[in-house]
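Colleague: Numbering (this note's numbering), first residue to last: 1 to 249. Take this structure first; my questions come after.
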Ligand code: 13P
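Written out as structure tokens, the structure reads:
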């Protein structure tokens, strides 16, 4: 069985109540267009999860961008995976490079968060990716494979865990790696998953993220072992995001 393709939008710290209209437009575009051969996910900020989930937009799953590793307790300002499930989220992104950089999150913490996500019966999208300095130093594969090994919990399966490769230097910059570079990293990730999880490793979905837009999506999504996209900026407008989903039509 092949990995399930997924096109996921990470809205980051963007979106207000009025952004419901983007979800409505996306839902309409998905309904009217040729059926997409991929799952579609939107991860809005926490404040919009329950209202988006309650919209029950056909063919659009709702997810979150982070969670705490514990289910409840004295952690002011934090949100647990249990709360996210309660709000209607089905997926949780963990280990995004902006969390790793802005909040000093280690791969061990990312692994604990991923475990929390899985124990609530949600799917985790675990992000890995090198900085520009690490790429220039020739350590891309070492960095990315190290993050993968330390961030993915033992209980991961292809049904509850998705890996996203997001080179830090490609996020929000308009720059992307070449398709060959993406293929090299994704093939290394695939091999590491097969080494760890046996034949099951072939079924994990591997997303590429970093400056994906309608004009480059088809080419990036055609690289070997790329099973979808994690999209930031271009996921905020339904028409742009739909143009990326076109890669799977
Ligand atoms: P951009 O698509 O804006 O480059 O962001 C990618 C990203 O970080 C998605 O998680």
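Virtual Cβ for every residue (Gly too), placed ideally from N, Cα, C. It should be emphasised that the depicted structure is a prediction, and the values quoted were computed from it without experimental measurement.
Quick one: Cα of residue 207 to Cα of residue 74, how far?
Modeller: So the alpha carbons of these two residues sit roughly 34 Å apart.
Colleague: Scan the region 119–175 and note each continuous beta strand (DSSP E) run of 3 residues or more that stays entirely inside, going in chain order.
Modeller: Counting whole runs of 3 or more residues, the region 119–175 contains the beta strand (DSSP E) stretches 123–128 and 161–165.
Colleague: DSSP has residue 297 in a bridge; who is on the other side?
Modeller: Since the first residue of the chain shown is 1 and the last is 249, residue 297 is not available in this structure.
Colleague: According to DSSP, is residue 93 helix, strand or coil?
Modeller: The answer is strand: DSSP assigns residue 93 an E or B state.
Colleague: Name the residue from 159, 116 and 170 whose alpha carbon lies nearest to the alpha carbon of residue 128.
Modeller: The candidate whose alpha carbon is nearest that of residue 128 is 170.
Colleague: Give me, in chain order, the residues of the same chain whose beta-carbon lies closer than 8 Å to that of residue 216; leave out the 5 immediate sequence neighbours on both sides.
Modeller: These residues qualify, in order along the chain: 176.
Colleague: Under 8 Å by Cβ, that's how I've got residue 7 and residue 229 pegged, so tell me the actual separation to the nearest angstrom.
Modeller: Yes, residue 7 and residue 229 are in contact; Cβ-Cβ is about 5 Å, under 8 Å.
Colleague: Over what stretch of residues does the alpha helix (DSSP H) that includes residue 39 continue unbroken?
Modeller: Here residue 39 belongs to no alpha helix (DSSP H); instead the beta strand (DSSP E) covers 39–43.
Colleague: Run the CB neighbour count on residue 113, radius 10 Å, all protein chains shown included, and call it buried at 16 or more, exposed below.
Modeller: Result: buried.
Colleague: Below 6 Å, is the gap between the Cβ of residue 256 and the nearest heavy atom of ligand 1?
Modeller: Outside the shown range of the chain, which is 1 to 249, sits residue 256, and nothing can be said about it.
Colleague: Hey, residue 231 and residue 9: beta-carbon distance below 7 Å or not?
Modeller: Yes, the Cβ-Cβ distance between residue 231 and residue 9 is below 7 Å.
Colleague: For residue 221, collect the residues of the same chain with a Cβ closer than 6 Å to its Cβ; drop the 5 residues on either side in sequence, then sort them by chain order.
Modeller: So the list reads 247, once near-sequence residues are dropped.
Colleague: Kindly give me the distance between the Cβ atoms of residue 158 and residue 225, rounded to whole angstroms, as I take these residues to be in contact under 8 Å.
Modeller: No, residue 158 and residue 225 are not in contact; Cβ-Cβ is about 13 Å, not under 8 Å.
Colleague: Could you check if residue 104 belongs to the surroundings of ligand 1, using beta carbon to heavy atom distance under 6 Å?
Modeller: No, Cβ of residue 104 sits at least 6 Å from all heavy atoms of ligand 1.
Colleague: Considering only heavy atoms of ligand 1, does any lie closer than 6 Å to the CB of residue 162?
Modeller: Answer for residue 162: no, Cβ out of range of ligand 1.
Colleague: Taking the Cβ atom as the reference point for each residue, do residue 71 and residue 82 lie within a distance shorter than 7 Å?
Modeller: Going by C-beta atoms, residue 71 is nearer than 7 Å to residue 82.
Colleague: Would you mind working out which of 66, 56, 118 and 119 sits nearest residue 88, comparing C-alpha positions?
Modeller: When each option's Cα is compared against that of residue 88, the closest is 56.
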